[in-house]
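Right, one structure below, let's go through it.
In this note's numbering, the protein residues as written are 118 to 844.
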């Protein structure tokens, strides 16, 4: 990293806005249906979208009710005209038609549209003959998804423009043939851009000491260990490195980093930190880049019976944390009865709309609904505000911290988990008005996924009317525009702070509780300075020692196995020979069918030895290989988890098989050369790691890969597959 310090905050914010705009456009265009949702499309295209998990057709609006925030919640069921015969083979016994097989999940954002005639060649027109803009169709969050119906919360759901989701928009769906398509959620980008715009427009006098430290204009204050006194740790099982991380975080006046390599108990440490901060009467905001990362902390805090509240759409929360969610707490509060009465009035008004065909009466009811919803939101808003203010610990996703629920709320400390997987602009949503923060993560694992291929704007693209005069302003040194123009969204705040302030603000957790010592040794040596130590409870455990009956075999007694396919007899598929990509959404992904067969046979051997399928995962860097493995394993072993390396970050299994895929005469490894990706792959297993790959190809990819292949040849149970067994 070669950024100049101190960084110009306005210029940095402007550069981030341009990068975020490119990334948002890349995300939208990456969706296969992005070019289809603005015009009428054919029935076959709608069916294709459903088959790919991006859409759902054959719908009708079944019923409506009122959700939190006055949202209209619509339940959509199968159109009986299209599904007159119930599908009894899928366990349907009540005679109600089932939806077609679909991939819509709770938390997805859907746009609901009226099915029009004329297929894709004619534009959709309204009753006055004007071309309709289908992007104005109602959008909402899926709150429930089953074989018989899906529920979508419209209105104040934080999706799109609120004007799209009024009662008339949803009411216009009654009696129509409908279909729905999954769309990208732009609220995250909107909040990041709004935050960057605020930072760009700040005067220098508005830059707090905290901000100036994070941009290199000031040095962090030395930790005040003397003021802490002895700490009575709640969790007596914490190791010394975890205790040191808690001490640094409590003693730091502005910023502290907890570096948590795989399996070192980072979240465990954060729970202790929150408890210690509460003992010091501090109010804490805990955030993470994903709902799962935040819910994980909620689950671990819940047994301590603290005054906590989880901000977030209930559809996206784990069932185990719903009792701590703001929506559940609101419904159970003293004000709930009054809010419930207004909700009932709204539902009755909605029902009365469909009983009248008089336009004037309908408009009058819409007016009454508008007033009722306003009263509903005002009363509920006060209830929400009281609940949040009464909570000592508030938890939300990073972009969720920018919601109305936390407006004007103040916290003593902001804690960000998985900070190394978050875009820097995301982190500034809760940090903009903070004065103290703790970031936890591991910058040696994968950064946030960046979809934009060209995310480095040129100098002239980050200049303009909003930047007029910035390059002449005090504190901006020569050449800074060029350097900032080359900044990447992959550079996280965690990365920058390590580079900027280093050891003075960071503590690394060094005892890992996941991996067998032999599995851990390579990443420890090559990535973590040989500082990782395997806890006694895990350092020698094997598959044959699982707490259920497993045979002692060549596989179950080995922690590390390497199937080396060198020799060119197990080649990857070339682009000319790629059958998988036809009609698929796999893009330029690579595959290797014979290597997939090796991985599948290894799974066979483990299961035959007694290892439960749900304790096994097969991961690979390429989605096309995931598809191949799914064909081989999904029907036989539905419990085996199959997925990409990137998608498996933060996860663990007793046994993990990695298929590296790449095997070619050019010795090209593509994005496999990213050592952080390999670090994720090789640190997922607890007792058994099996690597399938071509050492000749892989070892030429980078020095890191060469060292890994050498390590496997010397330390793994080395095996060479017979080509004849896999043809």
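Don't be surprised by glycine CBs; every beta carbon is placed ideally from N, CA and C.
Taking the alpha helix (DSSP H) that residue 503 belongs to, which residues open and close that run? 476-506
Jot down the residue ranges of each uninterrupted alpha helix (DSSP H) in the segment 717-784, minimum 4 residues, whole runs only, in chain order. 740-750
With respect to the beta strand (DSSP E) encompassing residue 836, which residues constitute its N-terminal and C-terminal limits? 834-836
Buried or exposed by the 16-neighbour rule on C-beta atoms within 10 Å, applied to residue 788: exposed
Just verifying my parser: in three-state terms, what is the DSSP assignment at residue 254? coil
Where do the ends of the alpha helix (DSSP H) carrying residue 314 lie? 304-318
Can you check whether the CB of residue 267 is closer than 8 Å to the CB of residue 221? yes
Report buried or exposed for residue 199, applying the criterion of at least 16 other Cβ atoms within 10 angstroms of its Cβ. exposed
Among 424, 224, 332, 658, the one whose alpha carbon lies nearest that of residue 122: 332
Distance between residue 164 and residue 171 (C-alpha atoms, nearest Å): 10 Å
Give a yes or no on contact between the segment 500-512 and the segment 423-430, applying the rule of three or more CB pairs nearer than 8 Å. yes
Got a sec: is the Cβ-Cβ distance from residue 799 to anything in chain C below 8 Å? The chain inventory of the structure shown lacks chain C, comprising one protein chain alone.
In whole angstroms, give me the CA-to-CA distance for residue 709 and residue 745. 8 Å
So what's residue 821 in DSSP terms, helix, strand or just coil? helix
Cβ pair count under 8 Å reaching 3, the segment 295-313 against the segment 539-549: yes
Return the first residue and the last residue of the alpha helix (DSSP H) that residue 412 is part of. 408-418
Using CA coordinates, which residue listed in 842, 287, 387 is at the minimum distance from residue 470? 287
Sufficient close CB pairs (3 or more, under 8 Å) joining the segment 652-660 to the segment 777-784: no
For residue 810 and residue 733, I'd like the C-alpha separation in whole angstroms. 19 Å
Residue 743 to residue 727, Cα distance in whole Å? 24 Å
Quick test of your reading: residue 384 and residue 534, contact by CB under 8 Å. State the CB separation rounded to the nearest angstrom. 7 Å
Distance check for residue 486 and residue 464, CA to CA, integer angstroms please. 9 Å
Below 8 Å between beta carbons: does that hold for residue 854 and residue 686? Any answer about residue 854 is impossible in this case: the structure gives the chain only from 118 up to 844.
By Cβ distance, which residues of its chain are closer than 6 Å to residue 277, with the 5 residues on each side in sequence left out? Residue placement at residue 277 is flagged as unreliable, the pLDDT there being 38, under the threshold of 50; a coordinate-derived value is accordingly withheld.
Starting from residue 625, trace the beta strand (DSSP E) in both directions and tell me its first and last residue. 623-625
Beta-bridge pairing of residue 680 - partner residues as DSSP gives them: 809, 836
Look at residue 622 and residue 410 and say whether their C-beta atoms are less than 8 Å apart. no
Is the separation between the beta-carbon of residue 636 and that of residue 676 shorter than 8 Å? yes
According to DSSP, is residue 217 helix, strand or coil? coil
Are at least three pairs of beta-carbons, each pair with one atom in the segment 347-359 and one in the segment 617-632, less than 8 Å apart? yes
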